[in-house]
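Chemist: Numbering (the working numbering), first residue to last: 3 to 135.
(1) Figure out for me which residue from 73, 33, 21 and 11 has the closest Cα to the Cα of residue 80.
(2) Short check: CB of residue 19 to CB of residue 61, under 8 Å?
(3) Does DSSP put residue 67 in a helix, in a strand, or in coil?
(4) Scan the segment 42-106 and note each continuous beta strand (DSSP E) run of 3 residues or more that stays entirely inside, going in chain order.
(5) Within 10 Å of its beta-carbon, does residue 2 have 16 or more other beta-carbons around it, so buried, or fewer, so exposed?
(6) Identify which residue in 23, 37, 25 and 30 has its Cα closest to the Cα of residue 7.
(7) Counting C-beta neighbours from all protein chains within 10 Å, is the total for residue 71 16 or more, i.e. buried, or is it exposed?
(8) Spatial neighbours of residue 52 within its chain, please: CB distance less than 8 Å, with the 5 preceding and 5 following residues excluded, ordered by chain position.
(9) Considering only residues of the same chain and omitting the five flanking positions on each side of residue 41, which have a CB-CB separation below 6 Å?
(10) Using DSSP with H/G/I as helix, E/B as strand and the rest coil, what is residue 37?
(11) Since residue 83 and residue 100 are thought to touch, with beta carbons under 8 Å apart, how far apart are those beta carbons, to the nearest angstrom?
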């Protein structure tokens, strides 16, 4: 596995940018899962990011760490997104995402988040940049 993929599989926060009303960027930190080709983010169709993606599926994203050299590393990119809403698929992917952050889905917060998740944002990167200092 290359350094970029290893990094993306171990980090916990992705900053997701969508295009909102009046073509204004809407940026949010999100939990995610990276498969090596795609990112998956659990959310609810009531969120602003999901509403924005229904109108414009273009996204930008950034995952980075460090403030002092030589431990500065990051990955940013642009791509297209799909909103997955098929209930069984949503729950399967959402559980995989939540298990990155909780030891078990039986955790009270994990259960609440799983219950509230009714869609998955799937990001297909088209352009990716990596930096290291």
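In this text, a Cβ means the ideal position worked out from N, Cα and C, and glycines have one as well.
The model shown is predicted, which means the values in this text are computed figures rather than measured ones.
Modeler: In this structure, then:
(1) Mapped onto the chain shown, residue 80 falls at position 78. Checked all of 73, 33, 21 and 11; the closest Cα to residue 80 is 21.
(2) The count along the chain shown starts at 1 and reaches residue 19 at position 17. The count along the chain shown starts at 1 and reaches residue 61 at position 59. Yes, they are a contact pair.
(3) Residue 67 sits at position 65 when you count from the first residue of the chain shown. In the three-state scheme derived from DSSP, where H, G and I count as helix and E and B as strand, residue 67 is classed as strand.
(4) 60-67 and 75-86
(5) Not covered by the structure: residue 2. The range shown for the chain is 3 to 135.
(6) Within the chain shown, the letter at position 5 stands for residue 7. Nearest neighbour of residue 7 by Cα position, chosen from 23, 37, 25 and 30, turns out to be 37.
(7) Residue 71 sits at position 69 when you count from the first residue of the chain shown. Label assigned to residue 71: exposed.
(8) Counted from its first residue, the chain shown places residue 52 at position 50. Taken in chain order, the residues that qualify are 45, 46, 85, 121 and 123.
(9) On the chain shown, residue 41 is found 39 positions in, with the first residue counted as 1. Within the same chain, residue 41 has close Cβ partners 34 and 125.
(10) Reading the chain shown from its first residue, position 35 is the one you call residue 37. Of the three classes helix, strand and coil, the one that applies to residue 37 here is coil, per DSSP.
(11) Looking up residue 83 in the chain shown gives position 81. Looking up residue 100 in the chain shown gives position 98. With a Cβ gap of about 20 Å, residue 83 and residue 100 do not count as contacting.
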